[in-house]
Structures are given as structure tokens and as C-alpha cells.
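Everything on this sheet refers to the single structure shown next.
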Amino acid sequence: MADPAITVEGAEKSYGGKKALDGLDLTVARGTVHGVLGPNGAGKTTLVRVLSTLLRPDAGRIEVAGHDVVREAYAVRLRIGLLGQHAALDEELGGRQNLELFGRLHHLGARGARARADELLERFGLADTGRKAVRQYSGGMRRRLDLAASLITEPEVLFLDEPTTGLDPRGRAEVWSSVRSLVGGGTTVLLTTQYLEEADQLADRISVVDAGRVVAEGTADELKAETGGDRIDVVLRNAGELGAAVALLPLTGVSVDADRRLLSAPVTDRMEALSGVVRALREAGIEAEDVALRRPTLDEVFLHLTGDDHRVKEAA
Amino acid sequence: MSAHALTDSWTMTRRELARWGRQPVQLAVNLVFPVMLLLMFGYLIGGGRGVTGAYRDYLVPGMLALTMAFGLEGTMLAVTQDLNKGVIDRFRSMPMANGAVLVGRSAADMLQSAMALVVLIGVGAALGWRPGGGPAALLAAVGLLLLFRFAMLWIGIHLALVAGKPEMVQAVQILVWPVGFLSNALAVPGSMPGWLGTVVGWNPMSHTATAVRDLFGVPGTESGHAWAAILWPLALLAVFFPLAVRRFGRLSR
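Residue numbers (the UniProt record's numbering), protein chains in the order written: chain F, 1 to 316; chain P, 1 to 253.
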């Protein structure tokens with residue numbers, strides 16, 4: 001990739017013997033949104049802290065916006081924005097005061113900082129609440145102000161560490177739409193999340209991280225395809241017939257969800273499977289509410305890549 | 001980078017001033033608390049053990065020194081809050097001078113302590129207390145007190161960076177009291193059991209209080225403590241300033 005926004009080669013970081021990053025590799029192209037997806041403790045936050053110069057890596061070559069995060073930390077800081085897991089704001093000050101403070105620390109000067117604060121408050125729909133102490137903000141407002149604070153200088157690269165954790169659906173939608181509008185402006189975004197839906201919605205490419213390294217990478221579609229392609233879902237009218245249906249349908253690797261009266265199985269030939277299932281059900285007189293072919297969800301991909309069966313396979 | 005050191009430090013100081021503007025009651029409480037202690041010890045408990053001359057003349061310099069010592073709590077609390085709120089991560093990920101966070105903290109705390117001294121001296125004067133020695137002695141005394149406060153400030157920053165948790169602040173807040181009172185701020189060491197008097201004599205705060213009393217011409221004050229009142233804080237600074245700066249740098253470990 002020519003001139004990537006983020007390059008990580010063999011990043012390592014340990015805390016007291018525990019490896020948070022264990023040879024992690026990552027390349028992010030400029031102007032894209034890259035999702036880093038992983039369970040708790042996978043190393044996502046450590047990765048963001050290393051990339052944003054807050055933590056010094058033990059080993060590895062790590063460059064952000066063309067500058068080394070250790071040797072050229074200052075140059076990196078000029079070019080990044082950071083939205084951490086916890087609101088990085090002065091809770092006692094007002095929204096405007098916060099933005100002006102960060103603007104001055106970005107050396108925009110008094111007038112520049114004030115103008116930028118106005119602009120961002122307007123853009124994030126906080127103009128009316130700029131005087132209120134951040135302590136009194138709602139979760140969604142606080143997150144938007146935090147995001148505004150990380151955009152003071154139109155950063156080349158923006159890090160979002162679980163940006164919607166703890167937000168209600170409305171707050172989440174607000175943050176999502178803000179992120180989408182950013183990308184239009186050419187900013188590269190690295191986003192960590194535990195929510196597959198979030199990665200699916202926002203990210204161009206996704207790295208699945210587990211135990212401090214990348215275990216899979218690709219677009220959401222590629223990851224779904226990698227997990228074994230299409231699936232067929234069959235919803236029966238009568239849950240009592242699930243067992244009979246599993247026995248007679250021409251499918252293998254069937255999983256059953258009794259609460260939803262649902263059978264699900266991977267398929268290779270889509271049309272063959274569909275017509276076979278419909279025929280078998282009709283012949284046996286089992287009534288189906290729904291029969292559908294679909295791609296696997298990212299949840300299934302995620303569990304497949306980071307779940308127990310994955311670990312067993314690795315150990316074997 | 002260093003080109004911005006002054007601007008950034010000033011910006012961080014202004015941040016603290018803006019917080020005062022946001023919480024005037026908090027600021028007022030901080031300034032009035034020492035006055036309350038002065039009134040309590042001067043009138044309520046009063047008398048003072050073994051003090052020659054008016055107890056008020058002995059007590060006011062002691063309260064001035066005690067107020068400087070208690071400043072440690074405020075510094076530690078503020079730094080701990082910043083560390084736990086995540087805002088320090090934003091500062092550290094920004095292209096600002098590294099030390100500005102600590103310089104801003106110091107400047108604001110020193111300013112608040114200077115204000116506390118002015119208030120306390122003002123109230124003392126209103127109650128009829130008249131320090132001897134004239135304006136030069138008064139300035140010298142304030143200088144010694146602020147030097148002691150500066151040492152307390154860096155101990156506070158260091159403790160906050162080491163402990164880092166609000167629970168630890170509480171523990172230190174409780175411990176500051178006996179350490180503060182194990183001094184000659186309120187009572188003459190000679191009136192205490194021998195071993196206690198020795199401990200009290202060693203307390204750096206006792207030297208500051210004695211030197212201030214000497215400057216104010218309080219009768220019965222041992223003279224010659226000015227050097228100790230200068231050297232003790234400098235020694236504490238020589239230890240805790242580099243430790244705190246190193247700890248701050250190690251946040252990236």
C-alpha cells in the first residue's frame with residue numbers, strides 16, 4: 001500500500017508479564033475507516049494508546065501519518081485526534097470553555113480557538129448548551145463534545161476507542177452519523193468496537209483482534225465469506241417438530257434455536273439446498289413460516305474467529 | 001516544543017482559574033476553612049499550652065504554616081481527579097509542552113495559597129493581631145510560607161501520581177492532620193512529653209512556623225530557624241520534584 005495512514009509491524013506491549021499486544025500487524029489506507037473488532041481484553045485499547053503516543057510499545061515499528069510514534073511523538077500528536085473510552089473533558093468547565101482550552105493548546109491563538117469552538121459547537125448541535133458545565137451534559141452530548149474536542153485541528157488520523165460504549169441507541173446513532181460525515185472530509189478513522197453492527201455499519205475494512213494479534217482481516221463481506229459462506233434459516237410453525245425436521249432435512253451442521261423455532265445450517269449450493277428443504281418439508285407435512293437463504297452475520301464470524309472452537313483448533 | 005512551554009503553561013493555569021470561576025463556592029470554602037480553624041483554636045479552644053505572651057500572636061503564624069501544609073491535600077485531589085477523568089490522556093495526546101500540565105497545576109495552587117495567606121492575615125489583622133517587624137518581615141514571612149507550600153505541592157503531585165486513586169486521597173487527607181498537628185503550629189513543644197517535643201521539633205513545618213514567628217517578633221521565639229525554613233523545603237523539593245516529573249513521564253509505560 002502506498003503511503004498508508006497507519007502502519008503497525010510486530011507491535012508488542014506487556015504489562016507485568018501479560019502480553020496485551022503480541023506481534024500485532026496492521027495497515028490502514030488513507031481516507032478509510034478501519035474497524036478493530038475484538039472481545040474485552042483483546043488488546044484494542046492498548047493498540048489505540050500506543051498509536052496515539054500515550055503508551056510506549058515494547059517492540060515493533062509503528063507509524064501514524066508517516067511519523068514514528070516513539071521517536072516523532074510530537075509530529076504524530078500534531079496530526080491525530082483521540083476519542084478515548086472515557087470522556088476526556090474537563091467536567092467542571094462548560095462545553096465552549098473545553099473546546100477553547102483545547103484550541104489554545106493546539107496553538108490556534110485566542111481568537112482562532114474561539115472561532116473553532118463556535119464552529120464545532122454548531123456542527124455538533126451543542127451551540128445552545130455551550131455554557132453549561134459538562135458535568136450536566138447527557139451521555140450523548142458528552143460524547144459529541146468529546147468528539148468535537150478530538151477534531152479541533154481536522155486531524156489526518158482519528159482514533160475512536162469504543163466510541164458508543166454505554167450510549168443509548170439514540171446517542172449511538174448520533175455518533176455514527178458524525179463519524180460518517182467525517183470520512184467524507186478525508187480523515188482516516190481507526191475505530192475499535194465490541195459491537196459487530198458498528199463495525200459492519202461504519203468500517204471499510206475490519207481487523208479481528210484476539211489475544212493481542214490480528215486473527216482475520218478483510219471487508220465485512222470477505223470476513224463473512226471466510227467463515228463458510230451462506231446459510232439457510234428455516235422457521236417452523238410448531239416447535240415440537242424441530243427434532244423431526246432436523247432428522248429428515250438434507251442438511252448437515254444444523255443448529256437449533258427452540259425459542260425462535262429456528263433451524264440454521266451452512267449450505268454450499270444455494271438453489272439445491274433451498275428446493276431440497278422446501279420439498280422435504282412439504283412431503284413430511286411440516287409447516288414452515290419462513291425459509292430463507294442468507295450470509296452469515298458478523299456475530300457468527302466473530303464467534304467463529306475468537307470463540308472456543310477457534311481456540312481448540314489453534315491448540316490442536 | 002519549548003517554544004510553546006510558556007503559552008501552554010499559561011493556558012493550563014487559566015484552565016484552573018476558569019474552574020474557580022465555575023465553582024466560586026468551592027474556592028470560597030478553601031479560603032475560609034483556615035479562617036475557621038484560626039477562630040476555633042484562637043477563641044473556642046483558646047489558651048494554648050505554655051505560650052508566653054498573647055496566644056493569638058503565637059497562633060496566627062502557626063495557622064499560616066498549617067494552611068500551607070494542608071494545601072497538599074488540594075493538590076493531590078486535583079491531580080488525582082485529572083488522572084481518573086481521562087482528560088489527562090487528551091492533554092498527553094496533544095502537541096503541547098509536556099510539563100505544562102504540572103506547571104499549570106503549580107501556578108494555580110500557589111496562587112490560591114497566596115490568596116489564603118492574604119485572607120488569613122487580613123482576618124488576623126481585623127481581630128487586632130499586629131505582626132512586628134514591618135512590611136519587609138511580612139514579605140519575608142510570606143516568602144518562607146510559600147516556599148514551604150511549594151514543597152508540599154510537589155509532594156502532593158508525586159503522591160497523586162503514585163497512588164492515583166480517589167480512595168488514597170482520603171487516606172492522605174486523614175494522615176495530613178496528625179502530621180500537621182505534630183508541629184509547633186498550635187502549641188509549644190516544650191509543653192509536650194520529651195519524645196513528642198523532639199518529633200515536633202523535627203517537623204519541617206515547625207521550622208517554618210518558628211522562623212515566621214521570629215520575623216514577626218513573637219516573644220519567646222527561638223531565633224535562627226530561617227535557614228532550616230529555607231533548607232528543609234529545598235531538600236524536600238530536591239527529592240520530590242524529580243520524582244514527580246519522572247512519574248509523570250512514566251505514565252506512558
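Here a beta-carbon is modelled for each residue, glycine too, at the ideal position from N, C-alpha and C.
Asked: I need the straight-line Cα distance from L38 (chain P) to R105 (chain P), nearest angstrom please.; Found: 27 angstroms
Asked: Indicate whether R79 (chain F) and E9 (chain F) have their beta-carbon atoms separated by less than 7 angstroms.; Found: no
Asked: If A73 (chain F) sits next to T46 (chain F), beta carbons under 8 angstroms apart, how far is it from one beta carbon to the other, in whole angstroms?; Found: The pair is not a contact, with the Cβ atoms about 17 angstroms apart (cut-off 8 angstroms).
Asked: Between the region 156-174 of chain F and the region 95-114 of chain F, do three or more beta carbon pairs fall short of 8 angstroms?; Found: no
Asked: State yes or no: is the beta carbon of A88 (chain F) nearer than 7 angstroms to at least one beta carbon in chain P?; Found: yes
Asked: Drop a sphere of 10 angstroms on the beta-carbon of P204 (chain P), count the other beta-carbons inside from all chains shown, and report buried for 16 or more, exposed for fewer.; Found: buried
Asked: What number of angstroms, rounded off, separates the C-alpha of R311 (chain F) from the C-alpha of I6 (chain F)?; Found: Since pLDDT at R311 (chain F) reaches only 39, below the 50 mark, its modelled position is unreliable, and no value is offered.
Asked: Under DSSP, the beta strand (DSSP E) around H207 (chain P) begins and ends at which residues?; Found: First-last for H207 (chain P): P204 to L215, but that is the alpha helix (DSSP H), not the beta strand (DSSP E).
Asked: Buried or exposed, going by whether 16 or more other CB atoms sit within 10 Å of the CB of K313 (chain F)?; Found: Here the model assigns K313 (chain F) a pLDDT of 37, short of 50, so the residue's position is not dependable and the matter cannot be decided.
Asked: For the beta strand (DSSP E) containing D161 (chain F), list its first residue and its last residue.; Found: V157 to D161
Asked: From this set, F:G95, F:L196 and F:G103, which residue's C-alpha is nearest D8 (chain P)'s C-alpha?; Found: F:G103
Asked: Using a Cβ-Cβ cutoff of less than 6 angstroms, which residues in the same chain neighbour V267 (chain F) once the five nearest sequence positions on both sides are dropped?; Found: D230, I232 and A273
Asked: Which residues, in chain order, does the region 214-225 of chain P contribute to contact with chain F at a C-beta distance below 9 angstroms?; Found: none
Asked: Classify K165 (chain P) as helix, strand or coil using the three-state DSSP reduction.; Found: coil
Asked: How many angstroms separate the CA atom of G17 (chain F) from the CA atom of G164 (chain P)?; Found: 22 angstroms
Asked: Report the three-state DSSP secondary structure of P266 (chain F) (helix, strand or coil).; Found: strand
Asked: How far does the alpha helix (DSSP H) with G124 (chain P) in it extend, from its first residue to its last?; Found: A100 to A126
Asked: Could you round the C-beta distance between R15 (chain P) and D200 (chain F) to whole angstroms and report it? I think they count as a contact, below 8 angstroms.; Found: Rounded, the Cβ-Cβ distance is 40 angstroms, inconsistent with contact.
Asked: In whole angstroms, what is the alpha-carbon distance linking L237 (chain P) and G71 (chain P)?; Found: 15 angstroms
Asked: Cβ closer than 7 angstroms: which chain F residues qualify as neighbours of G86 (chain P)?; Found: G84, H86, A87 and A88
Asked: What are the start and end residues of the beta strand (DSSP E) that includes G81 (chain F)?; Found: I80 to L83
Asked: Would A203 (chain F) be called buried (16 or more neighbouring beta carbons within 10 Å of its own) or exposed?; Found: buried
Asked: By Cβ distance below 7 angstroms, which residues in the same chain neighbour V278 (chain F) in space, the five residues on each side in sequence not counted?; Found: V291
Asked: I need the DSSP call for R294 (chain F), collapsed to helix, strand or coil.; Found: strand
Asked: For V32 (chain P) and L111 (chain P), what's the separation of their Cα atoms in angstroms?; Found: 15 angstroms
Asked: Taking Cβ-Cβ distances below 9 angstroms as the criterion, which residues of the region 39-63 of chain F are in contact with chain P?; Found: R49, S52, T53, L54, L55 and R56
Asked: At 7 angstroms on the CB atoms, spell out the chain F contacts of residue 258 (chain P), in chain order.; Found: Lying before the first or after the last residue shown, residue 258 (chain P) is absent from chain P, which here runs from 1 to 253.
Asked: For A265 (chain F), does the count of other Cβ atoms within 10 angstroms reach 16, so buried, or fall short, so exposed?; Found: buried
Asked: Cβ of A108 (chain P) within 7 angstroms of Cβ of T67 (chain P)?; Found: no
Asked: Report yes or no: do the region 32-51 of chain F and the region 209-221 of chain F share at least 3 C-beta pairs separated by less than 8 angstroms?; Found: yes
Asked: Taking the CB atoms as reference points, tell me whether T187 (chain F) and L158 (chain F) lie closer together than 7 angstroms.; Found: yes
Asked: Hey, how far is the Cα of G94 (chain F) from the Cα of A18 (chain P)?; Found: 10 angstroms
Asked: Taking 7 angstroms as the CB-CB cut-off, is E92 (chain F) touching chain P?; Found: yes
Asked: Let me know the secondary structure DSSP gives H67 (chain F) once reduced to three states.; Found: strand
Asked: Measuring only between beta-carbons, confirm whether L21 (chain F) sits less than 7 angstroms from chain P.; Found: no
Asked: Which value, in whole angstroms, describes the spacing of the CA atoms of A258 (chain F) and V172 (chain P)?; Found: 58 angstroms
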